[in-house]
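**Student:** Chains as they are written, first to last, in my numbering: chain A, 1 to 321; chain B, 1001 to 1321; chain C, 2001 to 2338; chain D, 3001 to 3338.
By construction, the Cβ of each residue, glycine as well, lies at the ideal position given by its N, Cα and C atoms.
Got a structure for you, questions after.
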Amino acid sequence: MSQINLVQSLNRSIDQLMAQDERIVVMGEDVGRDGGVFRVTDNLLNKYGDERVIDTPLNELAIIGMATGMAMYGLKPIAEIQFQDYIFPAFDQIVNNVAKMRYRTGGRFTVPLVIRTPYGGGVKGGLYHSQSGESYFVHTAGLTVVTPSNPYDARGLLVSAYKKNDPVIFLEPKRLYRAVKTEVPDELFEVEIGKAARLKEGDDVSIITYGSMVPTVMNAVEKNGVNAEVTDLRTLLPMDVSAIIQTAKKTGRVVIVHEAPKTLGVGAEISALIAERAIDSLLAPIVRVTGYDTPFPYSHEELYLPDEKRIMSAVNRVLAY
Amino acid sequence: MSQINLVQSLNRSIDQLMAQDERIVVMGEDVGRDGGVFRVTDNLLNKYGDERVIDTPLNELAIIGMATGMAMYGLKPIAEIQFQDYIFPAFDQIVNNVAKMRYRTGGRFTVPLVIRTPYGGGVKGGLYHSQSGESYFVHTAGLTVVTPSNPYDARGLLVSAYKKNDPVIFLEPKRLYRAVKTEVPDELFEVEIGKAARLKEGDDVSIITYGSMVPTVMNAVEKNGVNAEVTDLRTLLPMDVSAIIQTAKKTGRVVIVHEAPKTLGVGAEISALIAERAIDSLLAPIVRVTGYDTPFPYSHEELYLPDEKRIMSAVNRVLAY
Amino acid sequence: MTLVGNLSDDQAILAYKNAVRARTLDLKIISAQRQGIIGFHVPSEGQEMIQIAIGMLADKEDLIFTYYRDLALYLQRGVPISLIFDQMLGNSNDLQKGRQMPDHFSFKEFNFSTVQSPVGAHLPLTVGAAYAMRYNKRKGIVITTFGDGATSTSDFHAALNMASVYNLSVLFVCENNGWAISIPTSKQTRADIYKKGAAYGIPGKRVDGNDLISSLAGLQEAFDYVRSGKGPYLVEASTYRIGPHSTSDDPKKYRVDEITDGSEKDPIRRLENLLLTMGVIDSGFVQSTRAQAKEEIDKTLEERMSITPSNPSTIFDDVYENSSWIQEEERRDSNVAD
Amino acid sequence: MTLVGNLSDDQAILAYKNAVRARTLDLKIISAQRQGIIGFHVPSEGQEMIQIAIGMLADKEDLIFTYYRDLALYLQRGVPISLIFDQMLGNSNDLQKGRQMPDHFSFKEFNFSTVQSPVGAHLPLTVGAAYAMRYNKRKGIVITTFGDGATSTSDFHAALNMASVYNLSVLFVCENNGWAISIPTSKQTRADIYKKGAAYGIPGKRVDGNDLISSLAGLQEAFDYVRSGKGPYLVEASTYRIGPHSTSDDPKKYRVDEITDGSEKDPIRRLENLLLTMGVIDSGFVQSTRAQAKEEIDKTLEERMSITPSNPSTIFDDVYENSSWIQEEERRDSNVAD
Ligand SMILES: Cc1ncc(C[n+]2csc(CCOP(=O)(O)OP(=O)(O)O)c2C)c(N)n1
Ligand SMILES: Cc1ncc(C[n+]2csc(CCOP(=O)(O)OP(=O)(O)O)c2C)c(N)n1
Ligand SMILES: [Mg+2]
Ligand SMILES: [Mg+2]
């Protein structure tokens, strides 16, 4: 066991996997000498050399396109997109090649590729260093989308993502990179993809959240002594529908919290799943507490991001309903 | 009045607007001499010359990026993306420049740009000529997203899109391009953006749909004598929330029909809006009848697309609930 | 292998035969399309010879990323016409389970990769494949084909830069047929395509893609360069699109100014004339080659048409290695399930 | 205007003064960033002279699309330092209402366009702007700056091709500072950047961006070419990034092999030495220029810091010309509303 933060936990998983499996290559802008602008790939170049830790030119399409070709022909690339805001130049490759390769070739080609990218606000990064674009990927069949909320899950989910014989979008809540250190095992372990974590049992209200918002939610609930059941989805595609329906049925009151804009944010799908499968159990409206339907502003980002106050106001609203 | 199909109605609106407003330029692959692969821009090159009707090289990023610059500096481009499946190379421009320009410049720059593109299946086009990607745009604040289901709305929505001083994604259901001819006024008119159309009053169930699925829904309802209230959204961002909530409250039973995949399809947002605002009126689960969460297959597309049978099975399910 | 100079009669005859087979196949597919038997087609008519030349020079272990208009290349590399029809019909024998439109092949067993519709999107993949081959110390180079329109795509730029920066063994062959649907090459770019490598430090060369000898000579130089590990190379093959862009296209709308029907550029006619003049073949041979091709192709289509269609339920497979609950639920709720 | 050859003393002195002001401003911002007054900064240190040269040659009606590292260019074109600070502080005087990170300016009144973070994404916009200017018969050309890293982006490829195909008056100026964060230009591309225009039929030229005279001479040729309507032109200005990529960057991680601290390339020192040698200025002038700049900048920052922050409620404005119900509802439900 070691006390490590989220960056260190990712670095450690990648390092250990690379030591075991020569097929793994790490690639992206500044991932080599610089160790990544957030240091997730620190020291890997020294250990594994520049054939396996590849500093790339500034073109995300090129990074993902090249990684796709590698994955089709026997390698296991872990590609970094420096900020999720910069993944869009590669969007065609992701939607039209990566996500559809297995399907269109009848399973003859697969793309075992992990695309890591930091997302979310809270670092004073403005419009282009703060976006939470998970919806764009969750809507895309063929992709698997995960996001950890703590060092343990980060480490385990990365191992599971690597083991999957399909492409995984690995979203890293940059605000939590160095937020806490927790005890994490030194040996490799997995956190199952597709399974949510019940962070807290409770009876009065279900709060469903993930990624960067998890500590904010836990803090709000604990501080205010709410008898809430809190679910951390961890995987956004495919979502853990049983965990969602179970908690919704149990409490009958659901609040969903995420940082991405509300309209067609992941909360919309959670809400729709419940409205389809647990309608009779509902005692109150399903309320979403989310980032706003605006670009992400540089000033006043603290207002943009869901906080304790907004979460509690939603919780109190459904409790009082 | 003339009896015209959807292609003709679009062509006529563009033609008349161009005649009135010199700032309008039409651009895209094959829009000039060829008149567009679906002929929406037929004959415009002859009439307005190649400074205003611009055949472009094969690069969607270039088309949208250049159109954005034009729109910022006084022109009113109507850009065509040949198939919506090919809009993704321009996705970064759309999400990071087009949608955020007004916001990031504090209103100093605007992008009055209409991006027209045919979407949807039913033409035996396989994975890359059939996608319904509206969710990618509806999740993007700063964009306006519309889709007509008939020649009249197509003509009017195009005029409204042109009048908007902001970017509009104009999605054209290619399957309906030549499906019917209807009476359409010869003079220019508008169809208000943000307003849904109530196609049919009814009491037992509300069916909410849009674009390519509208005729399928109307046909199913009429053929089976269902006392359904049918809403054609027409605008997908911002959705007509009052129309949605009103019909949901009226019947208490909601079926949503669209062609895009279910997970985070537009239906998710519709469902979430209702679950947030009309929960007490609901008498049955909100059911979504949609394309599947797979890429769009070449063979068996008739199974992929929602049809009468699937719609009726959902309608009967909520009616029997 | 130094084919040019000592191109044997047998090789030339085989090339000719495959070109005729490809042309015959094209025409057959077009007529099948008109009859509603096949859904769609992008004919290779006019571009056969550069494709044949690539097929002649490529080694078995070389990996080829084609685009959607490379019929003759498949034939020259030995792909049976039956497999081609299976794909175009989307029958239950189709290696891809009917998932893709006609002409979007994936003949992995012949060391071809996979074809997509988005123009140029395979190009960055070729770079990754070449990287993987070198990494795994696999023999062979990567060859890729694409049209003149594709040179405008972002994928082209990305691929050439990456191939150059990592000094990868990729041979880029642009089949410049003069058109991207209705856009003539002159409106696509103001540079010569073979010079576009200059932006990346990649050498280039133009060959007469309608002429087998010129194609082989030019390609040989390019193959040698790439095989020697010097890095990527860009060949521009001038060809001519004799027919429409596709069966959905009406070139009369835009090819109005053309002063030629292209027949004098027809690469098959040119090879035929050369071989006739040199006495390698005679007119009887020409007749029998055409007749044999027609018979083979007619027979094969008839045979493949009798194969059952692909199983509807498979539309839910292969989204992932293991379907998620979403696909399984959708399969259950679908009409397929009845 | 033919500046080189007959560059007047006054012009040279103004250039020198603005370069010193820009450098002083850079250093001030960095220290303000360390104190938490300003959130972030991308310093221009080392790249001032090519920026000044652009500012000297550009006409008022020319439209300039800068990137995030062009402080000296703003100053040379007359943007007041107060406006620069307003943006960097995101105060209520900021023209953009505090929406963007520091260095992402939009000085429309000075005929600058708008800066975004995604590298290269402004380049296709320049082409559209040039098209609109020609269409509207507006005088002037479009000038745009970008880094060496930006030449790898898809936007660069798209922009150069479109500018060439439509023969537009765009002057592309690459400020090659040797690095894209930690990636040296040698790993970015294997071609000379100024030769990249060859892929589009666009002429190019390299200038010593650290030298005012060389920059002016080279740029003059480029300006003349573009102004005469011959089409786009690509200039590569060799510069040197003296400092870190940004205030978030630690160059010690990757600039370990560098044998120089760049000071001998420092463009301001070079101009200073030249002017001193030629007797245009003396050391007293140098001192007073620096002191004046420092005073101006210190005073301005202090003054701008007293301006109220931007109004929180504005975060809901400007998504559209008229907010939709969504933004209005969110504004109502927000903490801002209290
Ligand atoms: C990204 C993308 N944009 C548009 C299209 C529509 N389209 C299909 S083929 C084609 C022209 C391609 O021209 P070229 O690359 O020269 O190849 P050719 O068809 O002439 O062989 C176009 C525009 C597409 N398939 N992909
Ligand atoms: C599309 C995109 N990818 C990645 C980044 C992160 N990033 C910011 S600046 C930069 C390097 C840019 O280098 P260059 O173009 O040479 O300009 P310089 O900063 O050296 O002036 C990178 C990779 C970005 N802003 N945009
Ligand atoms: Mg072509
Ligand atoms: Mg640089």
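Beta-carbon separation of ILE2141 (chain C) and VAL2079 (chain C) under 7 Å?
**Tutor:** Here the question's residue 2141 (chain C) lines up with position 141 in the third sequence. Here the question's residue 2079 (chain C) lines up with position 79 in the third sequence. No, Cβ-Cβ distance for ILE2141 (chain C) and VAL2079 (chain C) is not below 7 Å.
**Student:** For THR294 (chain A) and chain D, any beta-carbon pair shorter than 7 Å?
**Tutor:** Position 294 of the first sequence holds residue 294 (chain A). At least one chain D Cβ lies under 7 Å of THR294 (chain A).
**Student:** If I measure Cβ to Cβ from ILE3281 (chain D) and keep anything under 6 Å in the same chain, skipping five residues before and after, which residues do I get?
**Tutor:** Your numbering for residue 3281 (chain D) matches position 281 in the fourth sequence. Contacts found: LEU3275.
**Student:** Evaluate the contact criterion for the stretch 2068 to 2086 of chain C versus the stretch 2106 to 2120 of chain C: three or more CB pairs, one atom per stretch, below 8 Å.
**Tutor:** With a cut-off of 8 Å, the stretch 2106 to 2120 of chain C and the stretch 2068 to 2086 of chain C count as touching, because enough Cβ pairs lie within range.
**Student:** Looking at the C-beta of GLU2295 (chain C), does it have a partner C-beta in chain B at a distance below 7 Å?
**Tutor:** Walking along the third sequence from the start, residue 2295 (chain C) turns up at place 295. No, GLU2295 (chain C) lies away from the interface with chain B (no Cβ there is under 7 Å from its Cβ).
**Student:** In chain A, which residues lie with their C-beta within 7 Å of the C-beta of ILE972 (chain B)?
**Tutor:** This structure does not reach residue 972 (chain B), given that chain B is present from 1001 up to 1321, and the question cannot be answered.
**Student:** Buried or exposed, going by whether 16 or more other CB atoms sit within 10 Å of the CB of VAL3256 (chain D)?
**Tutor:** Within the fourth sequence, numbered from 1, the residue matching residue 3256 (chain D) stands at position 256. The residue in question, VAL3256 (chain D), is exposed, as its Cβ has fewer than 16 Cβ neighbours within 10 Å.
**Student:** What are the residues that DSSP puts in a beta bridge with ILE115 (chain A)?
**Tutor:** The residue you call residue 115 (chain A) lines up with position 115 of the first sequence. Partner(s): A:ALA79 and A:ILE169.
**Student:** If you reduce the DSSP assignment to three classes, tell me which class PHE3110 (chain D) lands in.
**Tutor:** As a working mapping, residue 3110 (chain D) is identified with position 110 in the fourth sequence. PHE3110 (chain D) falls in the helix class under three-state DSSP.
**Student:** How is VAL2235 (chain C) classed by DSSP in three states: helix, strand or coil?
**Tutor:** The residue you call residue 2235 (chain C) lines up with position 235 of the third sequence. Strand, per DSSP.
**Student:** In or out: ARG175 (chain A) buried (at least 16 other Cβ within 10 Å) or exposed?
**Tutor:** The residue labelled residue 175 (chain A) in the question sits at position 175 within the first sequence. ARG175 (chain A) should be labelled buried.
**Student:** Just verifying my parser: in three-state terms, what is the DSSP assignment at VAL217 (chain A)?
**Tutor:** Here residue 217 (chain A) corresponds to residue number 217 of the first sequence, with the count starting at 1. Helix.
**Student:** GLU51 (chain A) touches chain C at which residues, Cβ-Cβ below 7 Å?
**Tutor:** In the first sequence, counting from the first residue as 1, residue 51 (chain A) sits at position 51. TYR2135, listed in chain order.
**Student:** Report the three-state DSSP secondary structure of VAL230 (chain A) (helix, strand or coil).
**Tutor:** Within the first sequence, residue 230 (chain A) is the residue found at index 230, counting from 1. In the structure shown, VAL230 (chain A) sits in a strand (DSSP, three-state: E or B).
**Student:** What do you get for PHE968 (chain B), buried or exposed, if any count of 16 or more other CB atoms within 10 angstroms of its CB means buried?
**Tutor:** Summary: the structure shown does not reach residue 968 (chain B), with chain B confined to residues 1001 through 1321, and so no result is reported for it.
**Student:** For LEU44 (chain A) versus ARG33 (chain A), is the C-beta distance shorter than 7 Å?
**Tutor:** Looking up residue 44 (chain A) in the first sequence gives position 44. Looking up residue 33 (chain A) in the first sequence gives position 33. Cβ atoms of LEU44 (chain A) and ARG33 (chain A): not closer than 7 Å.
**Student:** From the beta carbon of LYS309 (chain A), is the nearest beta carbon of chain B less than 7 Å away?
**Tutor:** Counting from one through the first sequence, the residue named residue 309 (chain A) turns up at place 309. With 7 Å as the cut-off, LYS309 (chain A) does not count as an interface residue toward chain B.
**Student:** Just checking ASN2161 (chain C) against ligand 4 - is the residue's beta carbon closer than 6 Å to any of the ligand's heavy atoms?
**Tutor:** Within the third sequence, numbered from 1, the residue matching residue 2161 (chain C) stands at position 161. Outside the cutoff, so no.
**Student:** Reducing DSSP to helix, strand and coil, say where ASP2266 (chain C) ends up.
**Tutor:** Position 266 of the third sequence, counting from 1, holds the residue named residue 2266 (chain C). DSSP places ASP2266 (chain C) in coil when its eight states are reduced to three.
**Student:** Is there contact here, the stretch 1099 to 1113 of chain B with the stretch 1069 to 1081 of chain B, by at least three beta-carbon pairs under 8 Å?
**Tutor:** Yes, the stretch 1099 to 1113 of chain B is in contact with the stretch 1069 to 1081 of chain B.
**Student:** Tell me ILE1208 (chain B)'s beta-bridge partners as DSSP assigns them.
**Tutor:** Here residue 1208 (chain B) corresponds to residue number 208 of the second sequence, with the count starting at 1. The partner list for ILE1208 (chain B) (beta bridge, DSSP) reads B:THR1231 and B:ILE1256.
**Student:** Just to make sure I have the definition right: I need the residues of chain C whose C-beta is within less than 7 Å of the C-beta of TYR48 (chain A). Which are they?
**Tutor:** Locating residue 48 (chain A) in the first sequence gives position 48, counting from the first residue. Within 7 Å Cβ-Cβ: nothing; TYR48 (chain A) doesn't reach chain C, min ~12 Å.
**Student:** Quick one: which residues of the stretch 1123 to 1140 of chain B get their C-beta closer than 8 Å to a C-beta of chain C? List them in chain order.
**Tutor:** Against chain C - using a Cβ distance shorter than 8 Å - the residues of the stretch 1123 to 1140 of chain B are LYS1124, GLY1125, GLY1126, LEU1127, TYR1128 and HIS1129.
**Student:** By Cβ distance, which residues of its chain are closer than 6 Å to GLU301 (chain A), with the 5 residues on each side in sequence left out?
**Tutor:** As a first step, residue 301 (chain A) is located in the first sequence; it is residue number 301 there, counting from the start. So the qualifying residues of the chain are GLY121.
**Student:** Kindly indicate which residue of B:GLU1259, B:LEU1237, B:LEU1273 and B:ASN1316 has the alpha-carbon position closest to the one of LYS1249 (chain B).
**Tutor:** Position 249 of the second sequence, counted from the first residue, corresponds to residue 1249 (chain B). Checking every option, the nearest Cα to that of LYS1249 (chain B) belongs to B:LEU1273.
**Student:** Can you tell me where the alpha helix (DSSP H) holding LYS3187 (chain D) begins and where it ends?
**Tutor:** Within the fourth sequence, residue 3187 (chain D) is the residue found at index 187, counting from 1. Here the alpha helix (DSSP H) through LYS3187 (chain D) covers 3185 to 3188.
**Student:** Is MET312 (chain A) helix, strand or coil when you go by DSSP?
**Tutor:** Within the first sequence, numbered from 1, the residue matching residue 312 (chain A) stands at position 312. Helix.
**Student:** Would you call GLY3128 (chain D) buried or exposed, if buried means 16 or more other Cβ atoms sit within 10 Å of its Cβ?
**Tutor:** Locating residue 3128 (chain D) in the fourth sequence gives position 128, counting from the first residue. Under this definition GLY3128 (chain D) is a buried residue.
**Student:** Have a look at the DSSP bridge pairing and note the partners of MET2172 (chain C).
**Tutor:** For the purposes of this step, residue 2172 (chain C) is taken as the residue at position 172 of the third sequence. The sequence shown places Phe at residue 2172 (chain C), not Met. For PHE2172 (chain C), which the question treats as bridged, DSSP gives the partners C:THR2144 and C:LEU2234.
**Student:** So, with DSSP's three-state summary, where would you put GLN8 (chain A)?
**Tutor:** For the purposes of this step, residue 8 (chain A) is identified with residue 8 of the first sequence, where counting begins at 1. Looking at GLN8 (chain A) - three-state DSSP - the assignment turns out to be helix.
**Student:** Can you find a CB in chain C that lies within less than 7 Å of the CB of GLY69 (chain A)?
**Tutor:** Translated into positions along the first sequence, residue 69 (chain A) becomes position 69. GLY69 (chain A) counts as touching chain C.
**Student:** Mark ARG3269 (chain D) as exposed unless 16 or more other C-beta atoms lie within 10 angstroms of its C-beta, in which case mark it buried.
**Tutor:** Looking up residue 3269 (chain D) in the fourth sequence gives position 269. Classification for ARG3269 (chain D): exposed.
**Student:** Got a list of residues with beta-carbon closer than 6 Å to any non-hydrogen atom of ligand 3, in chain order?
**Tutor:** That gives C:GLY2147, C:ASP2148, C:GLY2149, C:ASN2177, C:TRP2179 and C:ALA2180.
**Student:** Would you kindly report the start and end of the unbroken beta strand (DSSP E) that includes PHE2065 (chain C)?
**Tutor:** As a working note, residue 2065 (chain C) is residue 65 in the third sequence. Segment 2063 to 2065, the beta strand (DSSP E) holding PHE2065 (chain C).
**Student:** What is the DSSP secondary structure of ASN2273 (chain C), reduced to helix, strand or coil?
**Tutor:** Counted from its first residue, the third sequence places residue 2273 (chain C) at position 273. Helix, per DSSP.
**Student:** So, is the C-beta of THR105 (chain A) closer than 7 Å to a C-beta in chain C?
**Tutor:** Within the first sequence, residue 105 (chain A) is the residue found at index 105, counting from 1. Interface residue, yes.
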